[in-house]
Amino acid sequence: MSNFANVECVEVANPETVLRHQSDPLARILRQLGVIILIASRLESISKMSSHEPYPRLRVAIVGAGPGGLATAIALSKIDDVDVGAGISIGQNTWNVLSLLGIGDELKGHPTLTKQYSVLTSGRNGKTGEEVHRLDKSCNLERPPIRTQRTELQRLLRSKVSDDVLRLGRKVITLEDLDDAGIRLVFDDGSSVVADLVVGADGIRSAVRDSVWKDYSLSFTGTTIWRVLLPWDAVKDLDPRFETTAWWHGPTTHVYFSPVGEGLWEIAARAASKVTWGTPIDNATVEANFVVSAMAYSSIIQAVLTLSGISPPSAWREFAAFSGPELDDLTNWNDKVVLVGDSSHALSGAFGSGAGFAMEDGYVLAQALKHSRNDVHRALPLFNKVRLPYYTRMYAHLQGEATKRALNLRGFTHPSYDEKVRNKVIKAGGTDMRWIYENDISKVWQDSIATTA
């Protein structure tokens, strides 16, 4: 039996974020390993389990069933050998952690390789179409980068988690610290459950973080994001540049285009100033913000946005962009609460690799619990040691880029449209971002343990 047999998980999910279960390939393995993952309504069966195990019992509640929550559940289970209109980038760092989770061979999508076997992304002037920034770099041909639908990643992760893990149809509204007795999670239907460790994997608007980090607050960035998926056949002949993932920039906004596989093409447009989240809106609302203003975007961009009319009237989804300050600790309540994914670093998708970060968090947490033999007072400081400096570096990088752009603009008395776009897009100094996009989380973990006394 696995030495990790006494980790029992309760995953609390919003039913709108989880696809229906298609298969259950891990259930038999989990039973063989003795990893009992319980839904909230069956928590009473914990007392009936054998107490003769190498590791202490640990009841884990994972709040949130996005990539971070599901990956955390998978990572815990694997110790000791065991369409919403959004696309997602899968780069080397994400492939690394998917392979560690045992599912790296199953995710499919649209390759972002050129004929020269390099990765190409482009930054363009939204009005003239001029390419003002180009990233063309070599990549790992064994795991080339892809763009895929977020739902495909979600479906794959979901298929690897037993139905017994998920408790659908409940929303966590608050947490209560019970001292040595654990933490009570209170749901919107009035029910509750107690756990020894709560994993906050519930996104940038985290209920776990709000309950525990009382002084933390998000701020609306002033940006609204609209997303939609269109048939690739409807746009592929409009402009050959549409085959390349690209950002078409205005001075303060942008429109993002990218193939995502399965015959679909993604649009993500940023502008306006309205606080909403996942709200269905009609095509005319989005078009009005980009098409009417001929001074902001070229005719080809306007034409593509008008094409959204071939989608269902409310195919677009509207999201307000939020961000929050850096945390000085990703754990709280005497090592009984830990944040993973967007809940731990409210950067509003600044690096385009949020799912990868969340899955890396889940992997490190599982390794830390294994290494510490389920002792949360050893495991969570280890998690902090690995992940907190990583997110600190991200905040510092973004602040540095913002400072550079502000200083550059001081050289212009009345900067033109084109000058503003260039300043916004071009990365001064050619910053090496391999520490993010080529991150090998397994090596990072091993190096961290090697330096731990």
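So for the sequence shown, the UniProt record's numbering puts the first residue at 1; every next one is plus one.
Positions of the beta carbon are idealized from the N, C-alpha and C atoms, including for glycine.
None of the values given here were measured: they were computed from a predicted structure.
message: Which of the three DSSP states is assigned to GLU266 in this structure?
response: Taking the first residue of the sequence shown as 1, we reach residue 266 at position 266. Of the three classes helix, strand and coil, the one that applies to GLU266 here is strand, per DSSP.
message: Taking DSSP's pairing of strands, which residues face PRO259 in a bridge?
response: Within the sequence shown, residue 259 is the residue found at index 259, counting from 1. Bridge partners of PRO259: TRP265.
Those residues which DSSP pairs with ASP177 across a bridge: By 1-based counting over the sequence shown, the position of residue 177 is 177. ASP177 is bridged to ILE183.
message: Under 8 Å, with one C-beta from each stretch per pair, do the region 121-132 and the region 153-169 reach the 3-pair mark?
response: no
- prompt: Exposed or buried, which one is ASP361 when buried takes at least 16 other CB atoms within 10 Å?
  reply: In the sequence shown, residue 361 corresponds to position 361, counting from 1. The residue in question, ASP361, is buried, as its Cβ has 16 or more Cβ neighbours within 10 Å.
- prompt: On the three-state DSSP scale, how would you describe PRO145?
  reply: Start at 1 with the first residue of the sequence shown, and residue 145 comes out as number 145. It is coil, neither helix nor strand.
Residue range of the beta strand (DSSP E) that includes HIS345: Here residue 345 corresponds to residue number 345 of the sequence shown, with the count starting at 1. No beta strand (DSSP E) holds HIS345; DSSP gives it neither H nor E.
task: Helix, strand or coil for PRO77, going by three-state DSSP, please let me know.
output: Working through the sequence shown from its first residue, we reach residue 77 at position 77. It is Ser, not Pro, that sits at residue 77 in the sequence shown. Here SER77 sits in helix by DSSP.
task: List the endpoints of the continuous alpha helix (DSSP H) containing ALA366.
output: Residue 366 sits at position 366 when you count from the first residue of the sequence shown. Looking at the DSSP string, the run of the alpha helix (DSSP H) that includes ALA366 is 354-371.
query: Is there at least one Cβ from chain B nearer than 7 Å to LEU175's Cβ?
result: Considering every chain present, this structure includes no chain B. It has just one protein chain.
field: Beta-ladder partner(s) of TRP445, from DSSP
entry: For the purposes of this step, residue 445 is taken as the residue at position 445 of the sequence shown. DSSP output for TRP445 lists no bridge partner at all.
query: Along the chain, which unbroken stretches of the beta strand (DSSP E) at least 3 residues long are found entirely within the region 192-260?
result: 192-195, 197-200, 219-231 and 246-249
- prompt: When we look at the beta-carbon of ASP105 and count the other beta-carbons within 10 Å, is it buried (16 or more) or exposed?
  reply: The count along the sequence shown starts at 1 and reaches residue 105 at position 105. By the 10 Å Cβ count, ASP105 comes out exposed.
message: So, at 6 Å on beta carbons, what are the nonlocal neighbours of ASN270 in its own chain, with the 5 sequence-adjacent residues on each side left out?
response: Here residue 270 refers to the residue found at position 270 when the sequence shown is read from its first residue. The question names Asn, but residue 270 in the sequence shown is Arg. Closer than 6 Å at Cβ, skipping near neighbours: THR223, ILE225, THR253 and HIS254.
- prompt: How would you call GLU318, buried or exposed, if buried means at least 16 neighbouring beta carbons within 10 angstroms?
  reply: Here residue 318 refers to the residue found at position 318 when the sequence shown is read from its first residue. With 16 or more Cβ atoms within 10 Å of its Cβ, GLU318 is classed as buried.
query: Can you name the start and end residues of the beta strand (DSSP E) that GLU130 belongs to?
result: The sequence position of residue 130 within the sequence shown is 130, counting from 1. Where GLU130 is concerned, there is no enclosing beta strand (DSSP E), given that its DSSP letter is neither H nor E.
field: Inter-residue CB distance, ILE74 and LEU107 (contact presumed, cutoff 8 Å)
entry: By 1-based counting over the sequence shown, the position of residue 74 is 74. By 1-based counting over the sequence shown, the position of residue 107 is 107. Between LEU107 and ILE74 the Cβ distance is about 13 Å, and since that is not below 8 Å, they are no contact.
query: What is the residue span of the alpha helix (DSSP H) that SER298 lies within?
result: The residue given as residue 298 occupies position 298 in the sequence shown. Premise fails: SER298 is in no alpha helix (DSSP H) and is neither H nor E.
query: Are the region 177-184 and the region 328-338 in contact at 8 Å, needing three or more beta carbon pairs?
result: yes
- request: Could you check which residue in PHE383, ASP447 and LEU70 has the C-alpha nearest to that of ASP163?
  value: As a position in the sequence shown, residue 163 is number 163, starting the count at 1. Measuring from the Cα of ASP163, the nearest candidate turns out to be LEU70.
message: Our contact map puts SER219 next to PHE322 with C-beta atoms below 8 Å; I'd like the distance itself, whole angstroms only.
response: As a working note, residue 219 is residue 219 in the sequence shown. As a working note, residue 322 is residue 322 in the sequence shown. So it is a contact: roughly 7 Å between Cβ atoms.
message: Can you look up TRP95 in the DSSP assignment and give me helix, strand or coil?
response: Residue mapping note: residue 95 aligns to position 95 of the sequence shown, counting from 1. Three-state result, TRP95: helix.
- prompt: With burial defined as no fewer than 16 other Cβ atoms inside 10 Å of the residue's Cβ, what is the status of LEU157: buried or exposed?
  reply: Walking along the sequence shown from the start, residue 157 turns up at place 157. By the neighbour-count rule (16 or more Cβ atoms within 10 Å), LEU157 is buried.
- prompt: Which first and last residues belong to the alpha helix (DSSP H) in which PHE383 is found?
  reply: In the sequence shown, residue 383 corresponds to position 383, counting from 1. Where PHE383 is concerned, the enclosing alpha helix (DSSP H) stretches over 376-409.
- request: Leaving aside the five residues before and after SER411 along the sequence, list all residues of the same chain whose C-beta is less than 7 Å from its C-beta, in chain order.
  value: Here residue 411 refers to the residue found at position 411 of the sequence shown. Sequence inspection shows Gly at residue 411; the Ser mentioned does not correspond to that position. Once the five neighbours on either side are set aside, GLY411 has no close Cβ partner at all.
query: Using the C-alpha atoms, what's the distance from PRO231 back to GLU262?
result: Walking along the sequence shown from the start, residue 262 turns up at place 262. Walking along the sequence shown from the start, residue 231 turns up at place 231. Cα to Cα, GLU262 sits roughly 9 Å from PRO231.
query: Quick one: what's got a C-beta closer than 6 Å to ASP196's C-beta in the same chain, skipping five residues either side?
result: Numbered from its first residue, the sequence shown carries residue 196 at position 196. So the qualifying residues of the chain are LEU58, ARG59 and GLY182.
query: Just curious, the beta strand (DSSP E) that SER89 is in, first and last residue?
result: Within the sequence shown, residue 89 is the residue found at index 89, counting from 1. Per DSSP, SER89 belongs to the beta strand (DSSP E) from 87-90.
Buried or exposed (CB count within 10 angstroms, at least 16 for buried), LEU135: The residue labelled residue 135 in the question sits at position 135 within the sequence shown. LEU135 comes out exposed.
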